[in-house]
Amino acid sequence: MTLENNSRREFIIKGTILGGGLMLGVGAIPDLAFAQANSKYDPNTPTKYGDAEVNAWVSIMPDDTVYIRIARSEMGQGTRTGLAQLVTEELECNWKKVKTQSATPGQSLARKRVWGEHGTGGSRGIRISEDYVRRGAAAARIMLVQAAANQWNVPVSELKVDKGVITHVPTGRKTTYGKVAELASTLTPPDPKSITLKDPRNWKVAGQPYARLDTADKVNGTKVYGADLQLPGMLCASIKSCPVFGGKLVSYDEAKIMGMRGVKGVVKVNDSTVAVVADTWWRANKALGSLPIVWDEGKGANVSQDDINKMLRAGLDEQGDFWQRKEGDAPAAISGSSKKVEAIYFTPFRAHVTMEPMNATVKISGDRAEAWVPTQNGEGSLAALSEATGFPLEKCEVYKLDSGCGLGRRGSTQDFTSFAAKVAQKYPGVPVKVLWSREEDMTHDFYHPIAMAKMTAGIDSSGNVTGMHIKVSGQSINATAAPQNIKNGKDERQLQGFYEKGPDAQLGYTFPTLLTEYVMKNTHVPVGPWRGVNTNQNGIFMECFMDECAKAAGKDPVQFRQALMQSHPKHLGVLNAAAKKANWDKPLPPGNFKGIAQFMGYASYSACVAEVSVQNNIVKINRLVFALDSGHVVNPYLTREQIEGSVAMALGGIFSPEISVENGRIKEQNLDSYPLIKLSSTPRIETVLVPTYDFWGGVGEPTICVVGPAVANAISAAIGRPVRNFPLYKEGLSLA
Amino acid sequence: MQLSVNGQMFNIDVEPNMPLLWAIREAVGLTGTKYGCGVAQCGACTVYMNGEPVRSCSVPVSAVGSAKITTIEALSKDNSHPVQKAWIALDVPQCGYCQSGQVMAAAALLKRIPKPTDADIDNAMSNLCRCGTYQKIRDGIHVASGQKKLADVLAQYDASLATRG
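These protein sequence lines map, in sequence, to chains X and R.
Mapping of the first sequence onto our numbering: residues 1 to 736, in sequence order.
Mapping of the second sequence onto our numbering: residues 737 to 901, in sequence order.
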C-alpha cells in the first residue's frame, strides 16, 4: 500500500484496523530516530542504536547484545516480554543478552510500515503479530548463520547455532552473532514464506515462565511514565471539558487567573475544552480550578440516569428488525414449552480509571511535531497529532511510553494527543505536558457501555432447552468509535460472545432454536472499549441466565451446560477443566456455595468457578478457580498474572458503585465516590492453563468476562434467589 | 522553604498550600512518587514522614516543617530492600504505576510488623492497583518477610528459579 498518498483518516483506519503484512527490512545500518528525550523515560529504549540491523526486528551489537524491536505498546500486560521470547525462540539468541527497543510509528511509516500494526487492544498484541514477528526473527537467524558460512567459506549445513554462538561442527570453530551481524545485514533476506517456524510444542524459550524484562525500574521510582516526563523548558497544562457531554465552551475570564503564580496562559483547545498552562502542573491545575468558565451545557444537561435506564428498558420491549442470529423459531418454541424462564439483567456504565491519568506531551518545532504519549495505539496518536497540527504525517513522530494501565482507554480515541497538540501549538518550540486531573479523567472517559438484556428460554418436561431468545438493549461502542462498522443499522459488536462463527467470540452452546437481537440505545455519554468490552455484560447475561435455566430444569449447572456444549469442544474443555480443579462434584462445607461460568472472547476460552459464603448480605469469596485455553501460551507466568488482574477488575465491576449520570454529567468524580477493589477483597486465584496448541488466542481481555457470572451464580445459590441487577449493591449485597 | 528529602536539604520556593506530592515531583524533581487521585484514596503518592507512611497528595508542604521525607528513590540504593527483591523475583508489578506506593506501604508494614499475617496485610495494604496485582503483592510480602520461600511461591505458579529465564 502507498501510505503517502492516503489521507490521514485512511491512515487511522489502516493503522488501527488492518493487520501488518510481512515486510522484512533490508539489511542496512540503521538510522533510527527512535524515541529520544533528554531525560531517561524508558529503560527499554536505549539511546544508542545497534550498529548492525539484521532486519527490522533485530539489531545486534558487537558485544552480542541483541536489540529486539517491539511495535506493540506495553501497559503491564507483558507483551514486550512475550514478543521478545518469540523472537528469541526463532532467532536462537542468548536471552541474557536481549534488550528491547520500542519502534516508533513515524519511523515505521517512513519504512513502509515495516513493523506492521502498532495498535495494542483486543488482546491482539501477540496473537495478531506472532507470525510475521517469528518469521522476521527466523529470517535474521538464517542471515546470521549464512554470514558465518560465507566468512568461513563452508556450507551452512555444517553449522549449528545455540544461544547466539555459531559452531562449525566439523572443526569446532566458533563465532557469535555479534561478530557476524554486520555482514549478515548486507545479505539478501530469505523469502519469509519459505521459512518453517518451530512447533510451539518444542519451544524452549517461548512457553516458559520467564521473568519480565522491565520490572526492576518499577520498584524504585526510576521508571518514567508520561505523567512524569520532564523535558527542558517544559510547560504543564491541566484541561477541563464541558461537564455535560455535548456542551460547549462559551467564554472564560483569563484575567482572573493570569496573576496567579506560574500561570502562562489559557488555551481554548476545542469547542468544549479549555486548558490552563503554567510552569508546573499543580499550578496549572489550581489556576484552572479558579478560572471562571461559562458553558452552554446543551440539551444533555437534562438527562438523568433514570432517563437512560428507562430508555434501555423500553428497548427490551421494542419490536423491529433487530435480529442477528435466527435459528429456527425460538419465540414459538419457547411459548410452546411446558416451562418458560425469563429474566431481565442490568449492567452499568464503568470508568477505566487507569492509575496514570490521561496525558500527552507535545513539542512543535518549526514544521515538525513530536509527541510523547502513553498510548495503546501509536499510529492512531500519530494520525491525531497530524490532524490536530495540520502537519503531514511524515513531519510528525510519536514516542510511545509504557502506560500506567491502558484497559482500552488509551487504544481507541486519542483525545489526549489531540488536546496536547492544540495546546502546544500556542507555545512553539516548547514541550507542553497536558495531564488530566483524576476528576477530569473520570468524568471524561469513554465508558464501558451500559446495557440491559431480556433473556427468555423454554424448557420441556424433560428439562431440556427448547429455545433461547437473547435480546440486548444498550449503547453501541461503534456508534461513538467506528460508525462505519454498523451495517444496515445492525451492530454485531454489541453481541460479542453470541456469534455463530469464529474465530473470536462464538457462543459455546447449541440450542434447538435461537434468536439473538440487539436494540441500539445510544445516550449522550461517550462509550468505548473497556477491558473485555462487550463480553463483560454478555457473559453475565448468558451465564447467569444459564444457571436460572438449570434451576428451572432441575439440573446441576455443569451437567446442564455440558449437554448443550457437545458441538463446542473447546468451550467444554475449559468448563470441565475448571469444574475438575474446583472439585465441582464434591459437597462444600455448610454455608459455602459455588457458581460456574464459561464464555469466549478474543479467540480464547475461559471458565471460572467461585465459592462464596454470604452473611448479612456480605459476600465472602472463599475460593476462585480459573481455566483458560488460549491455544498457545507464550509466557504462562505472565498469563496467570493477567488472569489475576482480570479477576480483580471483574470483581470491582460487579461490586463497586457504578458510573452514573446526574444533570447530564458524571456524578462520580474521584476514587472516593467510585472506589476500586482493594487487596483485602481479592480472593486467592487458582489458575489452570489448558492450551490445545492449535490456535492463537488473547489473554488480557478474554479472562475477565466469566468472573462476574461465576461469583453471581454462587451468590444466587447462597441466597436462594437470582441476582440480576449490577452492581450488586442494587441487590443489597456488598463484598467483604 | 527548606525540605529534607532523602537525607538532602532542598531550598524550594513554593506556595505553602502546595501538597507535598507536588513539591517532591515538581520542585525537588523526584517523580517516583506518583499522582493517582489527589484525595488520599489510591496511595500511589505514599512517602515516609519521619519514617511513617503518609499520602503526600494530602499533606500541605507547609505542614512538613523539619520532618524528614523519604521517597521510593531512597528506599535502597540498589533495589536491595527485601520488598524490592521480592517484588522483582515475583514480577509483582504489571504496569508499575502504583508500585512505588505499594513498595513503600509494604516496607512500612514490615518495619512495624516483621512477620505480618494475611489479616495484617489486608489491614495495611489499602493502596489501590488497577492492574490487580494484589495476589502477587501478598505473595511478595510473605517472601520479603521470610515467611514463605521464593521457590515455594513460584512453584504455586508452576515456575521455578531455573525456569524464570
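Ideal Cβ positions, reconstructed from N, Cα and C, are used throughout, including at glycine.
The Cβ atoms of A343 (chain X) and E548 (chain X) sit closer than 7 Å to each other. Here the segment 74-82 of chain X makes contact with the segment 198-215 of chain X; the two share three or more CB pairs at distances below 8 Å. In this structure, A420 (chain X) places its C-beta atom within 7 Å of the C-beta atom of V362 (chain X). Within the segment 252-301 of chain X, the complete beta strand (DSSP E) runs of at least 3 residues fall at 263-270, 273-278, 293-296. Just so you know, the alpha carbons of Y225 (chain X) and I334 (chain X) end up roughly 55 Å apart. Look at D317 (chain X) here: in three-state DSSP terms it is helix. In this structure, X:A284 is the residue among X:M234, X:A284, X:G247 with its C-alpha nearest to the C-alpha of E254 (chain X). Among the residues facing chain X, E809 (chain R) is included, as its CB has a counterpart in that chain under 7 Å away. Taking a C-beta cut-off of 8 Å against chain X, the contacting residues of the segment 846-861 of chain R are I857, D858, N859, M861, listed in chain order. Not flagged as an interface residue toward chain X: D749 (chain R), since no C-beta distance is shorter than 7 Å. Put simply, the backbone Cα of T188 (chain X) is about 46 Å away from that of M355 (chain X). Listed as beta-bridge partners of I70 (chain X) by DSSP are X:S102.
Judged by DSSP secondary structure, K580 (chain X) falls within the alpha helix (DSSP H) whose first and last residues are 569-581. Annotation: W696 (chain X) to A603 (chain X) spans about 7 Å, alpha carbon to alpha carbon. Within 8 Å of the CB of Y427 (chain X), no CB atom of chain R is found; the nearest one sits about 18 Å away. The beta carbon of T782 (chain R) does not come within 7 Å of any beta carbon belonging to chain X, so the residue lies off that interface. Under the three-state reduction of DSSP, E397 (chain X) is assigned to strand. Spanning the alpha carbons of Q830 (chain R) and S606 (chain X) requires a straight line of approximately 21 Å.
Taking 7 Å as the CB threshold, Q208 (chain X) lines the interface with chain R. Taking every protein chain shown into account, the CB of W323 (chain X) has fewer than 16 other CB atoms within 10 angstroms, so this residue is exposed.
Residue environment: E500 (chain X) is assigned as exposed (fewer than 16 neighbouring CB atoms within 10 Å of its CB, all protein chains considered). In this structure, the beta-carbon distance from L183 (chain X) to A147 (chain X) falls below 7 Å.
M600 (chain X) carries a strand assignment under DSSP once its states are collapsed to helix, strand and coil. When the five nearest sequence neighbours on each side are left out, the beta carbons in the same chain lying within less than 6 Å of the beta carbon of R640 (chain X) are those of T687, in order along the chain. Around the beta-carbon of N302 (chain X), fewer than 16 other beta-carbon atoms lie within 10 Å, marking it exposed. In the DSSP assignment, L886 (chain R) falls within the alpha helix (DSSP H) that extends over 886-892. Here S656 (chain X) carries a coil assignment [DSSP, helix/strand/coil]. Here DSSP, grouped into helix, strand and coil, assigns G178 (chain X) to helix. Residue state for W372 (chain X) is assigned as strand, using DSSP reduced to three classes. By the C-beta criterion, the segment 129-136 of chain X is judged to be in contact with the segment 52-70 of chain X, since at least 3 inter-stretch pairs fall below 8 Å.
Here N220 (chain X) is buried: its Cβ has 16 or more other Cβ atoms, across all protein chains shown, within 10 Å. Here E662 (chain X) is exposed. Its C-beta has fewer than 16 other C-beta atoms within 10 Å. At a beta-carbon threshold of 9 Å, none of the residues of chain X lie near N742 (chain R); the nearest stands roughly 11 Å away. If you check the CB distance, G178 (chain X) and D64 (chain X) come in under 7 Å.
Residue X:I459 holds the alpha-carbon nearest to the alpha-carbon of G336 (chain X) among X:I459, X:V525, X:K422.
When C-beta atoms of the segment 379-387 of chain X are compared with those of the segment 475-489 of chain X, fewer than three pairs fall below 8 Å, so the two segments do not count as touching.
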